């Protein structure tokens, strides 16, 4: 099946790479700790041994921060991407501007969602508003992005625009029927 294929080709190798990377990082840390403990009387080995956990912690924060940064270039409107960015930024803690980004990412996401809803509404408005589905979709999109650009104004003007299109459509239908009636009565 497609799920099994996706798991075997994409998901499992990705998880395996991540686990191997974490294990390699831990092994390097453990080796350094063992070597420094064995050489505790050599020069500044005791100092380095004390500093090792803090350096490892900083490396882990950097790794999480870098991964969050790489995800920021993807679609934040996607729930999974958004949740992953937040999780990695939380793990990054006080590294660089992670705390600032943690506060800004939800705002950026909302901005992207508002922009998409606004653009979808504008596209629906350019279609025939006399069709209920187009009208309802435009209203729904504008309600979702309330306060974005001129969405509130457009939302207020939409019923009048729809009524105008309905009147225009009815007038054209009546005119066509009248002209057809004239043509049939003259023959």
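Numbering (my numbering), first residue to last: 132 to 318. Think of the CB as a built atom: it goes at the ideal place given N, C-alpha and C, for glycine as much as any other residue. Quick caveat: nothing in here was measured; it's all calculated off a predicted structure.
Could you say which of the options lies nearest to residue i if we only look at CA atoms?
i: residue 195; options: 152, 206, 162 and 178; result: 152
i: residue 203; options: 233, 147, 293 and 144; result: 233
i: residue 207; options: 178, 288, 145 and 240; result: 240
i: residue 267; options: 304, 248, 279 and 205; result: 248
i: residue 291; options: 278, 304, 303 and 256; result: 256
i: residue 209; options: 146, 132, 307 and 236; result: 236
According to the neighbour-count rule (16 or more other Cβ atoms, all chains shown, within 10 Å of its Cβ), is residue i buried or exposed?
i: residue 213; result: buried
i: residue 140; result: exposed
For residue i, which residues of its own chain have a beta-carbon under 7 Å away from its beta-carbon, when the five flanking residues on both sides are left out?
i: residue 198; result: 219
i: residue 80; result: Examination of residue 80 is not possible in this model, given that the chain is present from 132 through 318 alone.
i: residue 300; result: 261
i: residue 280; result: 249
i: residue 243; result: 207 and 208
Whose C-beta lies closer than 8 Å to the C-beta of residue i among residues of the same chain, with five residues either side of it excluded?
i: residue 295; result: none
i: residue 258; result: 265
i: residue 190; result: 156
Please work out which residues of its chain come closer than 6 Å, Cβ to Cβ, to residue i, disregarding the five sequence neighbours upstream and downstream, and give them in chain order.
i: residue 251; result: 272
i: residue 192; result: 223, 224 and 226
Just curious, the alpha helix (DSSP H) that residue i is in, first and last residue?
i: residue 275; result: 263-275
i: residue 250; result: 229-257
i: residue 219; result: 210-223
i: residue 136; result: 133-137
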